[in-house]
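See below for the structure under consideration.
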Amino acid sequence: MQIGFGRQTQAYGAWYEGEQQEDYYKTQAGATQWEKQNLYRETEAAAERDVRAAGALQLEAKNAQYEVEAVKKAGTHIEKRHQDATDAGLAKVAAKMAKGGGSLNYGSPMDFLNKTTDERALSYGVTKWQNEVNVWAAERKVQGLQDKATIMLDQAALRRWQYRNAAYALDYQTLLYNNAAKEAKKAAKFKEISHYIGAVTDSLNVFFGKGKGKGNSGGGDMFGDMFGGGGSGGGMDTSSMGSFDAGGAGSIA
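In this text, residue positions in the sequence shown follow the numbering used here: the first is 1, and each later residue adds one.
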């Protein structure tokens with residue numbers, strides 16, 4: 001009984017060990033999936049922030065494009081106004097000089113017109129250059145905003161791509177944990193069955209071992225009781241039996 005109980009205890013221990021290992025690996029698998037879900041939530045939250053930021057930048061770039069058009073129109077208006085003002089001034093001065101016949105400073109109306117035209121061209125060129133710089137700056141602002149929006153969208157896409165790779169690795173790790181749980185359960189079940197088989201084998205060995213011992217010692221006693229012999233020899237008592245003569249006829253003494 002003690003041997004059988006010991007085997008049963010070992011079988012229970014194997015079963016309990018298998019349950020513990022299975023629970024451990026399943027817990028690890030669950031924790032890995034929780035990590036995956038948490039990573040997904042964090043990734044999506046960050047990606048959505050990037051997308052919203054990109055949308056705001058694109059809207060700002062659109063408004064900045066309106067500013068570009070406004071700067072262009074303003075520059076064109078300034079150039080035209082500058083040209084009209086200088087044309088009117090030149091015409092007025094030229095008319096006065098032509099009427100007066102000359103000038104001490106310029107010598108003649110033609111000299112004055114040539115010099116003034118050069119100055120006007122220089123002034124107009126400076127004005128036009130300033131307008132072009134303003135337009136370029138406005139366009140650069142638009143381009144910068146669009147570039148930032150593109151970067152934010154690319155960053156959101158990169159976050160999601162990195163998550164997909166991480167999720168694949170986490171799913172594979174979960175698969176390994178689940179397989180380990182199954183293998184641990186199988187190994188524990190094998191040990192449990194082995195211990196139960198061992199318990200049955202031990203019980204049978206003890207049972208048949210005792211029966212064999214009784215057959216060796218008790219058999220002599222049985223035959224001794226039947227024939228009057230002791231348990232040690234089991235021999236027959238022939239003292240009460242008659243003797244046989246040479247002729248084969250027995251006589252009772």
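We put the beta carbon where it would ideally sit given N, CA and C, even for glycine.
Straight-line gap, residue i to residue j (C-alpha atoms, nearest Å)
| i | j | result |
| --- | --- | --- |
| Trp175 | Gln8 | Here the sequence assigns Leu to residue 175, which means Trp is not the residue at that position. When rounded, the distance between both Cα atoms is 33 angstroms. |
| Trp136 | Ala54 | 23 angstroms |
| Ala11 | Ala156 | 55 angstroms |
| Lys265 | Lys26 | Here the chain has residues from 1 to 253 only, and residue 265 is not among them. |
| Gln130 | Ala47 | 41 angstroms |
| Leu21 | Tyr168 | Sequence check: residue 21 is Gln here, not Leu. Rounded to the nearest angstrom, the two C-alpha atoms are 25 angstroms apart. |
| Phe208 | Asp23 | 41 angstroms |
| Glu60 | Ile78 | 26 angstroms |
| Asn178 | Glu42 | 25 angstroms |
| Thr32 | Glu44 | 18 angstroms |
| Asp50 | Met152 | 5 angstroms |
| Arg159 | Lys148 | 16 angstroms |
| Glu35 | Asn134 | 52 angstroms |
| Ala56 | Gln143 | 14 angstroms |
| Thr127 | Asp154 | 41 angstroms |
| Lys73 | Lys80 | 11 angstroms |
| Gln173 | Gly30 | 11 angstroms |
| Thr201 | Tyr16 | 22 angstroms |
| Glu171 | Gln37 | The sequence shown places Asp at residue 171, not Glu. Whole-angstrom Cα-Cα distance: 11 angstroms. |
| Ala69 | Gly125 | The question names Ala, but residue 69 is Glu in the sequence shown. Roughly 21 angstroms separates the two Cα atoms. |
Cutoff 8 angstroms; reference residue i; Cβ partners in own chain excluding five residues on either side
| i | result |
| --- | --- |
| Gly18 | Ala184, Lys185, Ala187, Ala188, Lys189, Lys191 and Glu192 |
| Gln28 | Tyr177 |
| Gln58 | Leu145, Gln146 and Ala149 |
| Tyr40 | Tyr163 and Ala167 |
Cut-off 7 angstroms between Cβ atoms - residues of its own chain near residue i, not counting five sequence neighbours on either side
| i | result |
| --- | --- |
| His195 | Arg7, Gln10, Ala11 and Ala14 |
| Val71 | Asn134, Val135 and Ala138 |
Sequence-distant residues of its chain with Cβ nearer than 6 angstroms to residue i (five each side left out)
| i | result |
| --- | --- |
| Lys141 | Ala64 |
| Gly75 | Asn131 |
| Ala180 | Tyr25 |
Near the ligand GDP: residue i beta-carbon under 8 angstroms from a heavy atom
| i | result |
| --- | --- |
| Ala70 | No copy of the ligand GDP appears in this structure; indeed no ligand is present at all. |
**Message:** Does the segment 156-163 come into contact with the segment 61-69, if we say contact requires no fewer than three beta-carbon pairs (one atom in each stretch) closer than 8 angstroms?
**Reply:** no
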